[in-house]
Amino acid sequence: MRLSQLFFASLRDDPAEAEMPSHRLLLRAGYVRQLGSGIYSLLPLGYRATKRVEQVIREEIDRIGGQELLMPVVHPAELWKESGRYQKIGPEMVRFEDRGGRDMVLAMTHEEVVADLVRGLVQSYRQLPVIVYHFQTKFRDEPRSRGGLIRVREFTMKDSYSIDVDEAGLDRSYRLHYEAYERIFKRLGLDTIAVGADVGIMGGSEAHEFMVLNDYGEDTLVLCPSGDYAANQQIAAVRKPEPPKGAPLPIEEVATPGTTTIATLAAFLGVGEDRTAKAAFFVTGDGRLVTAIVRGDFDVNETKLSNAVKAIGGIRPAQVDEIKAAGMEPGYGSPVGARNTAVVVDDLAAKSPNLVAGANKVGFHLRNVNVGRDFKPDIVADITNAREGDPCPTCGKPLELKKGIEVGNIFKLGTDFTVALDAAFLAEDGTRVHPIMGSYGIGLGRNLAVIVEAHHDDKGIVWPAEVAPYPAHLVALGAAREPRVTETAERLHQVALDAGREILYDDRDESPGVKLTDAELLGMPTILTVSPRSLAAGGVEVTDRATGERATRSIDEVEALLRGAERVPA
RNA sequence: CGGGGUGUGGCGUAGCCUGGUAACGCACGCGCUUUGGGAGCGCGAGAUCGUCGGUUCAAAUCCGACCGCCCCGACCA
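According to the working numbering, the first sequence is numbered sequentially starting from 35.
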């Protein structure tokens, strides 16, 4: 590909809106352009790189028996009403009517369509198991996109789906995907950590997320340094400290002016934060007020809390008037004397005697509050966040918290979708059985960005050979002084074309500085420089983009490499 | 949705406070020179100053509303 003809432009200055290195570099090097918030065009270079990512995924999913197909982006809303998600999912799903007034949606994912296909196609256990997958556009109207391609609203995802006759089959499909993902991310040059994860709106019984550590990450990972525990903080369980012993003492009210936070309260009373009870208030999607009680030295984990109360449509922080309506006082709140609220108490707080809790009166707290005696919890469950340094649930070593970006996930879905759509087959014994599904996603654009996050330097992108849009970047310098430069460069370009290994050829009439800087910015694994100097030295200068190592090779050698090797070694 | 910021040629910005009809660098076109690290000189094209409304003799500049984009939070498969 001649750079003079390529539909792209490199930018000398960093675009003002880009903060993450991947965002900055992909814009500057002309791989992507933004169309709107969370909506991007892939330019030819970006599209080529994306297709290479896609091909790696395709090969590995094919290898575990996946069959590629293509499902639509526009779905009849009926299907989503059948599964119940039409009601369950909020405004992140785009809904509209077609000209006939029929409700339609834009696909956020494709479980419904797969279940519908199974309903029509699978009649017998003999047809299973099956793994199908596709690369297709998803639209999720995120409340806030960010970080360039990291979190967008429209994106292409590889999503595969397993359909099995029983749990053992699902376990096998799940493991196959787990292993395929490990191979995929390794080939993409990504160091991933598989962490246990929340199942979210997908339902189901088990899920893992493949995470790449990154300071811009949106997820917090709870990791044991010895490697025997890794979980998303949303679900991470830790060994909690032993509650102090002590017989319940009589409850008493104390004046605690101006102590609306645990820190100020503990300081005012001269007690540890672990002797206090923290109340946090939430409202479920179906309108229930939930009062969460944790010990003052812990924070509420909203995912765990939402799961504990089986909230429909998740939970959100409650408004002040909603809290007051239940007879509680924000800043001085506790369930003592409260009404019309579900009370969820963390298991540790439930076992800790004589806590300081709010008196539901501005400026007052209660000493010696005891869960069970002074108020009745509706639910006792683990609803706290793992903290840095908490003991590993497996080995007891101090846990670390790190930020990560999710590059892929795998879910055991179970039979929720096949039951909801009544997709069933006849088993060997003649009974009608609903198959068990799994769902497995990888976002292409996000992976592209994360690869750049992991593979760049101060000069630009450094593509791993497996995903580089072109294997080499040919630069012709000083052509005006030496006609053999152009002749040689043209011939090398043609040799590569003829071999079906097209390279990027900078045939522009630009200064050496511009060409060399662009070559480094664009990030092809190998830079081939042809110039009067290189010809005098015996041929072509071959530079390894990653290491910076240079060597002069004869023209014949370089031609041979272009014909054969995917990557021309320095 | 809450908080903060921002919007001036393709990109990065100045000008706004103190109103007088748009500037600089890069990029772009043409010519000459130059050619191993973002070249030089000359000529040139390119902007409804986010939108609408208001104040004023006069608005990029002051006021209001709205919109877009970015960051933090909420949210998130």
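Beta carbons are placed, not taken as given, at the ideal position from N, Cα and C, and that holds for glycine.
Keep in mind that this is a model prediction, so the values were computed, not measured.
By alpha-carbon positions, which one of the options ends up nearest to residue i?
| i | options | result |
| --- | --- | --- |
| G72 | M35, G181 and D424 | G181 |
| I227 | D320, L531, K436 and R97 | K436 |
| L382 | F332, E422 and H399 | F332 |
| K385 | G406, V377 and G367 | G406 |
| I91 | I269, D456, Y474 and P469 | Y474 |
| L69 | T522, S179, R350 and R401 | S179 |
| A214 | R187, V576, N248 and N443 | N443 |
| I476 | H168, P284, I269 and P432 | H168 |
| I296 | G330, V370, V305 and V317 | G330 |
| E146 | D200, G118, Q170 and R136 | G118 |
| P351 | T318, V328, A345 and E363 | T318 |
| G304 | D232, D491, R401 and A141 | R401 |
| R136 | L247, A111 and R160 | A111 |
| V186 | P387, A483 and A533 | A483 |
| A141 | L531, M105 and G80 | M105 |
Here's the rule: buried if 16 or more other CB atoms are within 10 angstroms of the residue's CB, otherwise exposed. What is residue i?
| i | result |
| --- | --- |
| V354 | exposed |
| Q121 | exposed |
| G430 | exposed |
| K338 | buried |
| D541 | buried |
| F173 | buried |
| S75 | exposed |
| V108 | exposed |
| G62 | This sequence places Arg at residue 62; Gly is not what is there. It counts as buried. |
| A50 | exposed |
| F130 | exposed |
| D47 | exposed |
| D615 | No answer is possible for residue 615: it lies beyond the span of the chain, which begins at 35 and ends at 604. |
| P503 | buried |
| L103 | exposed |
Between residue i and residue j, what straight-line distance do the alpha-carbon atoms span, to the nearest angstrom?
| i | j | result |
| --- | --- | --- |
| T465 | L162 | 15 Å |
| P125 | F219 | 32 Å |
| G547 | A510 | 12 Å |
| S38 | M127 | 42 Å |
| G423 | N266 | 15 Å |
| N419 | Y263 | 15 Å |
| V156 | P427 | 43 Å |
| V390 | K274 | 20 Å |
| R290 | Y212 | Position check: residue 290 holds Thr in this sequence, whereas Arg was assumed. If I take the Cα positions, the gap works out to 54 Å. |
| H468 | V166 | 17 Å |
| A393 | P369 | 9 Å |
| G292 | L283 | 25 Å |
| A241 | E216 | 15 Å |
| D463 | Q170 | 38 Å |
| D417 | T560 | The residue you asked about is not Asp; residue 417 is Ile in the sequence shown. Their backbone Cα atoms lie some 52 Å apart in a straight line. |
| D198 | H144 | 17 Å |
| V564 | E583 | 16 Å |
Do residue j and residue i come within 8 Å of each other at the CB atom, strictly closer than that value?
| i | j | result |
| --- | --- | --- |
| E554 | G494 | yes |
| S44 | D552 | yes |
| M558 | P505 | yes |
| G448 | S239 | yes |
| V519 | L569 | yes |
| V334 | V328 | yes |
| E524 | M35 | no |
| A270 | V256 | yes |
| I98 | L210 | yes |
| V152 | W114 | no |
| A585 | V592 | no |
query: Is it true that the stretch 372 to 381 meets the stretch 448 to 455, where meeting means three or more beta-carbon pairs spaced less than 8 Å apart?
result: Cβ pair count under 8 Å is below three, so no.
task: Report yes or no: do three or more beta-carbon pairs, one from the stretch 316 to 329 and one from the stretch 356 to 366, lie closer than 8 Å?
output: Touching, yes, given that three or more Cβ pairs across the two stretches are closer than 8 Å.
- prompt: With contact counted as at least three CB pairs below 8 Å, one residue from each stretch, are the stretch 483 to 493 and the stretch 48 to 55 in contact?
  reply: Per the Cβ contact rule, the stretch 483 to 493 is in contact with the stretch 48 to 55 (3 or more Cβ pairs under 8 Å).
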